[in-house]
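These notes concern the structure reproduced below.
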Amino acid sequence: MGAVPVDTGFTDYVTERAPWLRKVAFLLCGDWHRADDLVQTAATLLYTNWHRAARAGNLDGYARRTLVNTFLAEQRTSWWRLVDLRPADHDPPPASRSDLESALDLRAAIDLLPPRQRATVVLRYFCDLPVEEVAKTLGCSAGTVKSQTSRAVETLRGLLPTESLSTPEASA
């Protein structure tokens, strides 16, 4: 009788969920290369704790929490500020706006949010998690999630152009 491999199910899970994890990571950090690094680090942590993760009732929740915690831990260190490979020029978009331009504006605005507010917005609105699940993921109270979300939304409203927030009927 041979031993059961440690990675039973791990490879299948990460292969299937990697695109989703990458998109969540991108929304957290705003850079595809850094998102890949975050997913790689989170996947490594997930692998080392696979015996625990595989028994979790919500494997996606476990992986998402690992990813968010990796992002927040990275934000507390200074290396990412020193090694920012994104272009320094952030010219405002042209006056005519398409859906793509609005999405890019939103991503740029999200990138300006503090890390915990960014994580809260991504978990609430992209991952569509209830307040209680976000609080559990971030290790804080539901009230903190609500206040962080409120501050983030208010900041986004101040950063985004007014025309991107109006409806087509309002501008007609």
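Residue 168 in the UniProt record's numbering is what sits at position 168 of the sequence shown, and the numbering runs on without skipping anything.
Virtual Cβ for every residue (Gly too), placed ideally from N, Cα, C.
Source: prediction; values computed, not measured.
Would residue i and residue j be called neighbours here (beta carbons separated by less than 9 Å)?
| i | j | result |
| --- | --- | --- |
| Ala63 | Leu46 | yes |
| Thr66 | Asn49 | yes |
| Leu72 | Arg116 | yes |
| Leu21 | Val122 | no |
| Ala103 | Leu159 | no |
| Arg34 | Ala42 | no |
| Leu113 | Thr144 | no |
| Asp105 | Pro19 | no |
| Ala142 | Val131 | yes |
According to the neighbour-count rule (16 or more other Cβ atoms, all chains shown, within 10 Å of its Cβ), is residue i buried or exposed?
| i | result |
| --- | --- |
| Ala119 | buried |
| Thr11 | exposed |
| Arg124 | buried |
| Ala135 | buried |
| Arg52 | exposed |
| Thr137 | buried |
| Leu129 | buried |
| Pro94 | In this prediction, Pro94 scores a pLDDT of 49, lower than 50, which makes its location untrustworthy; no coordinate-derived value is stated. |
| Ser171 | Note on Ser171: pLDDT 40, under 50, position unreliable in the model; no value is reported. |
| Ala56 | exposed |
| Ser96 | With a pLDDT of 46 at Ser96, under the threshold of 50, the modelled position of that residue is not reliable, and no figure is offered here. |
| Glu16 | exposed |
| Glu133 | buried |
Return the first residue and the last residue of the alpha helix (DSSP H) that residue i is part of.
| i | result |
| --- | --- |
| Tyr62 | Leu59 to Gln75 |
| Ala54 | First-last for Ala54: undefined, no H or E at that position. |
| Arg118 | Pro115 to Val121 |
| Cys29 | Phe10 to Cys29 |
| Arg124 | First-last for Arg124: undefined, no H or E at that position. |
| Gly139 | From DSSP, Gly139 is part of no alpha helix (DSSP H); its letter is neither H nor E. |
| Leu106 | Asp99 to Asp111 |
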